Every structure is written in structure tokens, then in C-alpha cells.
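First residue of the sequence shown: 28, per the numbering used here; consecutive thereafter.
Below: the structure, in C-alpha cells.
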Amino acid sequence: MPKIIYIFMFAITLLLAGTMGLVGAMALGYITPAGIEENGEPDLGDPIYLKLEPPLTVNFERGQRISYLQAEVELMARSEEALEAVERHMPVVRNNLLMLFADQSFQELNTRAGREELRRKSLEEINGILEERGAQGEVEAVYFTSFVMQ
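In C-alpha cells:
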């Protein structure tokens, strides 16, 4: 056989041995892929929070009475870019959240399920604004740190 075939077979053998060694090391946990923690969960980075100032305050009707809601809202993301985009578009974010909050009923918001639904809708609204404006990243969570209804 020509000498080139032996060199080619040796190179393929080395490549296969290296691949098997790498796969074996990963299977045994000696090596983890980049971006994966040892427990197998993706490394998402630390959460970063942004408080919406001032608190959101809206009026709404409750039967014959006028009631109000004041909510302190904090947003959580894992990228600075997402929160910078929220700050850049804060007038739109606040406007849309105020409109969303004002559309709620007192009875719905008086339950935990109603407040959780409002959190979900708020998150969708904020991420929709960011997506419309081509912002990088997204907000992962909306938290009510104070929620007062009267």
C-alpha cells in the first residue's frame, strides 16, 4: 500500500480517539460545554432589576365609587441591554402599563389570580414594546413590590 494511505489512516485514528476522549470526558463530567453550569442548567447570568419610578397610579370605577390602584413595579432581566431599552422607551412603557392597569376591574385585582394575570399581561406588553422597537434582549419578569387598592 502507498505510504499516503497509512498517513491518512493514522490521522483518522487520531481524530476518532480524540473525539471519543472528549465525549467520554463530557459524559463523566470532567468537561462541561461553555454556558452550562455543572448541574446541567444553562448559565443565564445574574438577574438585573429596574424599578419604575414613580409608582403607577390609576383610577377605576367600582360600582358607584371611584377607586384607585397604586403599584410599585420592578422589572427583571438578565441583560443590561434589555433594561437600557426599557429606560430609553420609558414613556411608552409607562403609558401602556397605565392603560393596561386602568382596564382592570377591582374584583379581578382583589384576587391573587387577577394580580398574577396582570403581571403576565404587563410582561407581554413590555416585551411587545421592546420587540416593536428592535431592542436587544427581553424582560423576564415583572414584580409588584407594592400593590395598594382603595
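Just so you know, even glycine gets a beta-carbon here, dropped at the ideal spot from N, CA and C.
If you're wondering where the values come from, they're calculated on a predicted model, not measured in any experiment.
Straight-line gap, residue i to residue j (C-alpha atoms, nearest Å)
i    : j    : result
S132 : E88  : 8 Å
S94  : E135 : 13 Å
L125 : G72  : 30 Å
L49  : M36  : 20 Å
E165 : A112 : 9 Å
N154 : P74  : 17 Å
T138 : G45  : 59 Å
A140 : R146 : 10 Å
A104 : Y57  : 31 Å
L54  : A162 : The displayed chain sequence assigns Ala, not Leu, to residue 54. Roughly 38 Å between the two C-alpha positions.
A129 : N86  : 6 Å
E167 : T84  : 23 Å
Endpoints, the beta strand (DSSP E) within which residue i is located
i    : result
Y170 : A168 to M176
A104 : R92 to A104
R139 : Not the beta strand (DSSP E): R139 falls in the alpha helix (DSSP H), residues R139 to E159.
L79  : I75 to R89
Given residue i as reference, the closest of the options once Cα atoms are compared
i    : options                  : result
V175 : K78, R142, A98 and A104  : A98
L77  : V85, L102 and I58        : L102
Q177 : E159, L96, V119 and E152 : L96
Opening and closing residue of the alpha helix (DSSP H) in which residue i lies
i    : result
L125 : M117 to A129
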